[in-house]
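*Asks:* This structure is in structure tokens; I'll ask about it shortly.
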Amino acid sequence: MTVGHAPGSLAALPARGFTVAMGQHAGPRTTYDTAMAAAYVAGRALPSSAVQAWMTAARPHLPGRSGRLLDIGAGTGRFSTALAQACPATVVACEPSAAMRAACQAFCPSDVRIVAGTAEALPFAEDTFDAVWASQVVHHVEDLPRFAHELRRVLAEGGAFLLRGGFGAVTDIPLYRYFPGAWSADSTHPSLPHITDVLAAAGLGRVAHAQVPQVFAADGDELLYKVGTRSLSPLAALPDAEYHAGVRRLRADVARGAFPGPVTERLDLVVFR
Ligand SMILES: C[S@@+](CC[C@H](N)C(=O)[O-])C[C@H]1O[C@@H](n2cnc3c(N)ncnc32)[C@H](O)[C@@H]1O
11 MTVGHAPGSL
21 AALPARGFTV
31 AMGQHAGPRT
41 TYDTAMAAAY
51 VAGRALPSSA
61 VQAWMTAARP
71 HLPGRSGRLL
81 DIGAGTGRFS
91 TALAQACPAT
101 VVACEPSAAM
111 RAACQAFCPS
121 DVRIVAGTAE
131 ALPFAEDTFD
141 AVWASQVVHH
151 VEDLPRFAHE
161 LRRVLAEGGA
171 FLLRGGFGAV
181 TDIPLYRYFP
191 GAWSADSTHP
201 SLPHITDVLA
211 AAGLGRVAHA
221 QVPQVFAADG
231 DELLYKVGTR
241 SLSPLAALPD
251 AEYHAGVRRL
261 RADVARGAFP
271 GPVTERLDLV
281 VFR
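Here the sequence shown stands for residues 11 to 283, numbered as in the numbering used here.
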């Protein structure tokens, strides 16, 4: 079973479901407009077992009843929803893109509050939250020290920052074998040691780190479908020719039966306090 967003037909998607804008200093960045929101809903759904694996890893760090939890860069709300179900805290989803917020509104339960804002200028008073979750967002943040300062400001004393992302080797994520340029050393993704240093300077120390296996696609056909939505920002940022060459290699392997069963990848959950 897929949580929230059922895969639809590729034909229903715009030919190119995103635009790529140049960031100030970190290379191409994805613009989360209406087309990308549609591509994201179609291409980034996770099976409920994968979402539950993340909630199992996160649960020891989540607030209890009367607590407050912030999901930064919540996107379409796939994790805001899961977090609201995994703990009794009040969940707030903060997201800068109006298109992603609209998708989030459609997807999240009504008790999740959805607010416009960026990681670098969080629209909340100090000490508001007992935990902050940020999934696959940190590579979009243009000013990491500013983000770290904002985290420290809105987190209550002893509060947890839960960072979800892929910080391991390229081999942890099978699809990037076909798109080596999307995972190169000069990509826009800040490394975990760098993020850890920036957060430490703001007073947040690393207290836990787990690698969480998740099923990204049920089989090769679904992997091909998800890659075809181009809703992963490293694929969105690739030159078209490089992206299409990778798709051709993947399609040939799928046709050869290289992915007969679930395609599992490993991402990281890193916790700071
Ligand atoms: C890859 S999506 C992740 C969405 C969601 N967290 C998830 O895991 O499904 C990245 C999200 O970060 C948002 N974003 C981009 N720049 C941001 C910033 N400076 N601060 C907060 N969110 C940002 C985008 O609009 C997009 O919704």
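In this text, a Cβ means the ideal position worked out from N, Cα and C, and glycines have one as well. Just so we're clear, the structure is a prediction, and the values are computed from it rather than from any experiment.
1) Can you tell me whether Asp231 is buried or exposed? The criterion is at least 16 other CB atoms within 10 Å of its CB, across all chains shown.
2) Based on the DSSP secondary-structure assignment, which residues constitute the bridge partners of Leu219?
3) State the DSSP-derived secondary structure class of Gly87, mapped to helix, strand or coil.
4) Can you tell me whether Glu275 is helix, strand or coil according to DSSP?
5) Rounding to the nearest angstrom, what Cα-Cα distance links Phe157 and Ala67 in this structure?
6) Note down, in chain order, each residue of its chain lying with its Cβ closer than 8 Å to the Cβ of Ala212, except the 5 sequence neighbours on either side.
7) Is the beta carbon of Thr44 within less than 6 Å of some heavy atom of ligand 1?
8) Sorted by chain position, which residues of the same chain lie with C-beta nearer than 6 Å to Thr91's C-beta, five sequence neighbours on each side aside?
9) Just the C-alpha distance for Pro270 and Ala255, rounded to the nearest angstrom, thanks.
10) Beta-carbon within less than 7 Å of Gln146's beta-carbon, same chain only, minus the 5 sequence neighbours each way: which residues are those?
11) Between Ser201 and ligand 1, is the CB less than 6 Å from at least one heavy atom?
12) Pull up the distance between the alpha-carbon of Asp278 and that of Trp143, whole angstroms please.
13) Looking at the secondary structure, which residues open and close the alpha helix (DSSP H) in which Asp263 lies?
14) Would you kindly work out how many angstroms separate the C-alpha atoms of Ile183 and Glu275, rounded to a whole number?
15) Please confirm whether Gly191 and Glu252 have their CB atoms less than 7 Å apart.
16) Note down, in chain order, each residue of its chain lying with its Cβ closer than 7 Å to the Cβ of Pro168, except the 5 sequence neighbours on either side.
*Replies:* In short, the structure shows the following:
1) Counting from 1 along the sequence shown, the entry for residue 231 is found at position 221. The residue is exposed, with fewer than 16 neighbouring Cβ atoms inside 10 Å.
2) The sequence position of residue 219 within the sequence shown is 209, counting from 1. In the sequence as presented, Leu is not what sits at residue 219; that position holds His. His219 is bridged to Val280.
3) Translated into the one-based positions of the sequence shown, residue 87 becomes position 77. Three-state result, Gly87: coil.
4) To locate residue 275, count along the sequence shown from 1; it is residue 265. Here Glu275 sits in strand by DSSP.
5) Residue 157 sits at position 147 when you count from the first residue of the sequence shown. Residue 67 sits at position 57 when you count from the first residue of the sequence shown. Computed Cα separation, rounded: 24 Å.
6) Locating residue 212 in the sequence shown gives position 202, where the first residue counts as 1. For Ala212, where only same-chain residues beyond five positions count, the Cβ hits under 8 Å are Pro155, Ala158, His159, Leu161, Arg162.
7) In the sequence shown, the residue the question calls residue 44 occupies position 34. Every heavy atom of ligand 1 is 6 Å or more from the Cβ of Thr44, so no.
8) Start at 1 with the first residue of the sequence shown, and residue 91 comes out as number 81. Result list for Thr91: Cys118, in chain order.
9) Stepping through the sequence shown from its first residue, residue 270 is reached at position 260. Stepping through the sequence shown from its first residue, residue 255 is reached at position 245. The straight-line gap from Cα to Cα measures roughly 22 Å.
10) Against the sequence shown, residue 146 aligns to sequence position 136. Same-chain partners within the cutoff: Arg174, Gly175.
11) For the purposes of this step, residue 201 is identified with residue 191 of the sequence shown, where counting begins at 1. Ser201 Cβ: outside cutoff for every heavy atom of ligand 1.
12) The residue you call residue 278 lines up with position 268 of the sequence shown. The residue you call residue 143 lines up with position 133 of the sequence shown. Each residue's Cα considered, the two are about 13 Å apart.
13) As a working note, residue 263 is residue 253 in the sequence shown. Unbroken alpha helix (DSSP H) run through Asp263: 250-265.
14) For this step, residue 183 is matched to residue 173 along the sequence shown. For this step, residue 275 is matched to residue 265 along the sequence shown. Using only the alpha carbons, I get a separation of about 5 Å.
15) Counting from one through the sequence shown, the residue named residue 191 turns up at place 181. Counting from one through the sequence shown, the residue named residue 252 turns up at place 242. Result yes, Cβ atoms of Gly191 and Glu252 sit closer than 7 Å.
16) To locate residue 168, count along the sequence shown from 1; it is residue 158. Checking the displayed sequence, the identity of residue 168 turns out to be Gly instead of Pro. Around Gly168: Arg283.
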